[in-house]
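Right, one structure below, let's go through it.
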Amino acid sequence: MLEALKNVAETIRKQKPLAKLYFMKLLPSGRRPNKRRELVTRINENLEKVLKGTNGQIESHYMFDYVHLTQEGYRKIYEPVLIAINAALNPDS
Numbered sequence: 761m762l763e764a765l766k767n768v769a770e771t772i773r774k775q776k777p778l779a780k781l782y783f784m785k786l787l788p789s790g791r792r793p794n795k796r797r798e799l800v801t802r803i804n805e806n807l808e809k810v811l812k813g814t815n816g817q818i819e820s821h822y823m824f825d826y827v828h829l830t831q832e833g834y835r836k837i838y839e840p841v842l843i844a845i846n847a848a849l850n851p852d853s
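Next up, the structure:
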C-alpha cells in the first residue's frame with residue numbers, strides 16, 4: 761500500500777511538479793489490538809517517515825465503535841484538511 765501511495769505521488773509530481781500533496785493517515789479499527797490494527801500501524805509509521813505526519817490515539821467519541829467515525833470524528837479529521845487546502849489555495853489570505 762505504501763508503494764502504491766508513492767507511485768501516485770510520483771505520477772502527480774511528474775505531471776504537476778508544483779502541486780502540493782496531502783495524505784491522511786489510515787484510521788485504526790477495532791476496539792482492541794488486532795492484526796488489521798497492526799497493519800494500519802505499520803502503514804502509518806511508514807507514511808509518517810515518507811510523507812510526514814503525526815500519530816495519535818482515537819477516542820471513543822471520535823469513533824463510537826472503534827471502526828467508524830462519528831460526526832465529531834469527521835469534523836476533527838477534516839477541518840485541518842480544509843484549513844490546509846484553503847491556505848494552499850489562498851496563500852495571501
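The numbering used here puts the sequence shown at residues 761 to 853. The beta carbon of each residue, even a glycine, is placed where N, CA and C say it ideally should be. Since we're looking at a predicted model, the values are computed, not measured.
Apart from the five residues on each side of it in sequence, which residues of its chain come closer than 7 Å, Cβ to Cβ, to residue i?
| i | result |
| --- | --- |
| serine 853 | none |
| tyrosine 822 | Leu829, Thr830, Glu832, Gly833 and Lys836 |
Please report how far the alpha carbon of residue i lies from the alpha carbon of residue j, in whole angstroms.
| i | j | result |
| --- | --- | --- |
| glutamate 798 | lysine 785 | 14 Å |
| aspartate 825 | alanine 769 | 32 Å |
| proline 788 | glutamate 839 | 19 Å |
| leucine 842 | proline 851 | 14 Å |
| glutamine 775 | tyrosine 782 | 16 Å |
| proline 793 | arginine 802 | 13 Å |
| arginine 796 | asparagine 767 | 23 Å |
Would you check if the distance between the CB atom of residue i and the CB atom of residue j is smaller than 7 Å?
| i | j | result |
| --- | --- | --- |
| glutamine 772 | alanine 764 | Here residue 772 is isoleucine; the residue named in the question, glutamine, does not match the sequence. Result no, Cβ atoms of isoleucine 772 and alanine 764 do not sit closer than 7 Å. |
Only counting the same chain, and skipping five residues up and downstream in sequence, which positions put a Cβ closer than 8 Å to that of residue i?
| i | result |
| --- | --- |
| valine 800 | Leu786, Leu787, Pro788 and Ser789 |
Among residues of its own chain, excluding the 5 on either side of residue i, which ones have a beta-carbon nearer than 6 Å to its beta-carbon?
| i | result |
| --- | --- |
| valine 810 | Annotation note: pLDDT 48 at valine 810 (below 50); position unreliable, no value reported. |
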